[in-house]
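All remarks here apply to the structure that follows.
Numbering (my numbering), first residue to last: 117 to 592.
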């Protein structure tokens, strides 16, 4: 290598080392790694990215930091020039959707909001449900800390029907309750004993019961529902104050369980909340088993994203999979939406789904899926995640139990509300508007170092804590 070439390489190495120190290894690899060419020449550094989108994003997000590092490593006379690389490795095309696949984006494995029609059967159905059974099985249900109890309970109920009956699966929307219910129905229908299985929603049960009352065909209705071996019932919390329907439902449960049959229910309401709807529902659940399904944690989200990508026949780099799991904290439906957005963006840009593109798309996606909120909403969400009182966020104390949640509250208030810096600072009893800026600087530093904070459930990285707060805001 000639002397100018060697000098350029040494300058680049020095600059990259400075960038690593400034951004931290993770951020450096994401934004300034080998996919970004840095070419010192004369008194100018040329920064080359794969697309104009990446150039614009890099300049907007880290242009100032990059210029400071250039001045530190190469000298204050150096300038910056951003360019798009003229040629890109042909391997990039392997990650792009084929022309044949662009006509229809593969459907991701996420439960649709419209429930199937109620059905009683003692053999596999001939309706299109067969495709659903292939999609929703216990084998393709991603197990994690958030759903392990529920999954174990369902498996036990299938191995020993009637042992835990009724079995209630409860939790937020999109946590996998309907997946488990469909999987249980499919397993029961494949049982050698060929049991009669009825699967429906509370809304369908109500409609059929009202029709039976109208036509005075209650006997036929009761024969249909009470004579089955297994009843799988989605969204029991739908009943609300429909007392007559609830009474009929309770008699149905009693009839099935008294014969050793299996009843599996799902609900967004907890057993105590069901007690407020009707004590009889809660009483029967307490006599069986109630298993909570929480929103997936980081490791479970990783597994869900990998599984969705495989089923959608979409190639995602491991770094992008990790980014989705880190940034999109919420239900499986939300994860599916994020993947769909990335795939469509890749098609539109005719570029692969790189970490830089993913960061831009996911930031926009998460913001669009978090509604405009008030300062009090931020306060409530932070308190819920950290397990603290609202007075803690406004306390003058400087222990991390106080400063960590307040830091996130200040930063997220700036991001998601229309309040000015002075209003935000005043809300949290800070003397100056600079408190928000100081909090943002501290948060950026902690993220760069992968620092941990203590939330209600234990220690987690500060970015994960921030995503959990955003997830609470989305559910509000």
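Virtual Cβ for every residue (Gly too), placed ideally from N, Cα, C. Remember, it's a predicted structure, so these values are computed and weren't measured experimentally.
Residue 449: which of 499, 271, 537, 424 sits nearest, CA to CA?
For the residues 499, 271, 537, 424, the minimum Cα distance to residue 449 belongs to 424.
Proximal residues to residue 585 (C-beta, below 7 Å), its chain only, five neighbours per side dropped:
So the qualifying residues of the chain are 497, 498, 501, 524, 528.
Exposed unless 16 or more other CB atoms sit within 10 angstroms - verdict on residue 127
Residue 127 comes out buried.
Just grab the DSSP bridge partners of residue 162 for me.
DSSP lists 155, 197 as partners of residue 162.
Can you find the residues in the same chain that come closer than 6 Å, C-beta to C-beta, to residue 336, ignoring five residues on each side of it along the sequence?
Leaving aside the five residues that flank residue 336 on each side, none in its chain has a CB nearer than 6 Å to its CB.
Tell me residue 574's beta-bridge partners as DSSP assigns them.
DSSP, once it has assigned bridges, lists 571 as partnering residue 574.
Given that a residue counts as buried once 16 or more other Cβ atoms are within 10 Å of its Cβ, and exposed if not, what is residue 580?
By the Cβ-count criterion, residue 580 is buried, with 16 or more other Cβ atoms from all chains shown falling within 10 Å of its own Cβ.
Secondary structure at residue 312, three-state DSSP: helix, strand or coil?
Here residue 312 sits in coil by DSSP.
Taking only three categories from DSSP, how would you classify residue 247?
Any reading at residue 247 must be qualified, since the residue scores a pLDDT of 35, below 50, and its modelled position is unreliable; the value itself is stated next. Here residue 247 sits in helix by DSSP.
Within 10 angstroms of its Cβ, does residue 196 collect 16 or more other Cβ (buried), or is it exposed?
Burial call: exposed.
Candidates 540, 534, 533, 535: which alpha carbon is nearest residue 522's?
With distances taken between Cα atoms, residue 522 lies closest to 540.
Looking at C-alpha atoms only, which residue of 167, 546, 143 is the closest neighbour of residue 468?
Closest option to residue 468, Cα to Cα, is 167.
By how many angstroms is the C-alpha of residue 278 removed from the C-alpha of residue 458?
Taking the straight line from one Cα to the other gives about 45 Å.
Contacting residues, own chain, Cβ-Cβ under 6 Å from residue 476 (five flanking each side not counted):
Answer for residue 476: 173, listed in chain order.
So residue 396 and residue 281 are supposed to be a Cβ contact under 8 Å. How far apart are they, rounded?
In fact, because the Cβ distance is near 16 Å, the residues do not count as touching under 8 Å.
List, from N- to C-terminal side, the alpha helix (DSSP H) runs of 4 residues or more that fit wholly inside the region 347-417.
Whole alpha helix (DSSP H) segments, 4+ residues: 359-374, 387-393, 395-402.
Quick one: Cα of residue 154 to Cα of residue 573, how far?
Going from the Cα of residue 154 to the Cα of residue 573 covers about 43 Å.
Looking only at its own chain, which residues have a Cβ that is under 6 Å from the Cβ of residue 210, when we skip the five neighbours before and after it?
Residue placement at residue 210 is flagged as unreliable, the pLDDT there being 40, under the threshold of 50; the coordinate-derived value follows with that caveat. Counting only Cβ-Cβ distances below 6 Å, and skipping sequence neighbours, we find nothing.
List, from N- to C-terminal side, the alpha helix (DSSP H) runs of 4 residues or more that fit wholly inside the region 253-290.
List check, alpha helix (DSSP H) in window: 264-275.
Spell out the partners DSSP gives residue 317 in its beta bridges.
In the DSSP secondary-structure assignment, residue 317 is bridged to 350.
Would DSSP call residue 549 helix, strand or coil?
In the structure shown, residue 549 sits in coil (DSSP, three-state: anything other than H, G, I, E or B).
Cut-off 7 Å between Cβ atoms - residues of its own chain near residue 454, not counting five sequence neighbours on either side:
Answer for residue 454: 440, 444, 478, 481, listed in chain order.
Grab the span of the alpha helix (DSSP H) containing residue 186 for me, first residue to last.
For residue 186, the enclosing alpha helix (DSSP H) begins and ends at 168-190.
Quick one: using the 10 Å Cβ neighbour count with 16 as the cut-off for buried, is residue 447 buried or exposed?
Here residue 447 is buried, its C-beta having at least 16 other C-beta atoms within 10 Å.
With distances taken Cα to Cα, identify the nearest neighbour of residue 182 among 151, 139, 145.
Selected option, being the one with the closest Cα: 139.
Answer with buried or exposed for residue 261, where buried requires no fewer than 16 other C-beta atoms within 10 angstroms of its C-beta.
That one is exposed.
Label residue 583 either buried or exposed according to how many other C-beta atoms from any shown protein chain fall within 10 Å of its C-beta, with 16 as the threshold for buried.
Buried, by the Cβ-count rule.
Just the Cα atoms here: how many angstroms apart are residue 546 and residue 294?
Cα-Cα distance, rounded: 46 Å.
Taking buried to mean at least 16 other C-beta atoms within 10 Å of its own C-beta, is residue 394 buried or exposed?
Label assigned to residue 394: buried.
DSSP three-state call for residue 135: helix, strand or coil?
The answer is helix: DSSP assigns residue 135 an H, G or I state.
Cα-Cα, which of 506, 376, 542, 511 is closest to residue 344?
Of all alpha-carbon atoms in 506, 376, 542, 511, the one lying nearest the alpha-carbon of residue 344 is that of 376.
Alpha helix (DSSP H) containing residue 532: first to last residue?
Per DSSP, residue 532 belongs to the alpha helix (DSSP H) from 516-532.
Let's see if you can read the secondary structure: which residues bound the alpha helix (DSSP H) around residue 508?
Start and end: 506-509.
Mind checking residue 562: buried by the 16 CB within 10 Å criterion, or exposed?
Residue environment analysis places residue 562 among the buried positions, since at least 16 neighbouring C-beta atoms fall within 10 angstroms of its C-beta.
Give the secondary structure of residue 470 by DSSP, where H, G and I count as helix, E and B as strand, and everything else as coil.
If DSSP states are grouped into helix, strand and coil, residue 470 belongs with coil.
Supposed close pair residue 285, residue 382 - CB separation, criterion 8 Å:
Approximately 5 Å separates the beta-carbon atoms of residue 285 and residue 382; this is inside 8 Å, confirming the contact.
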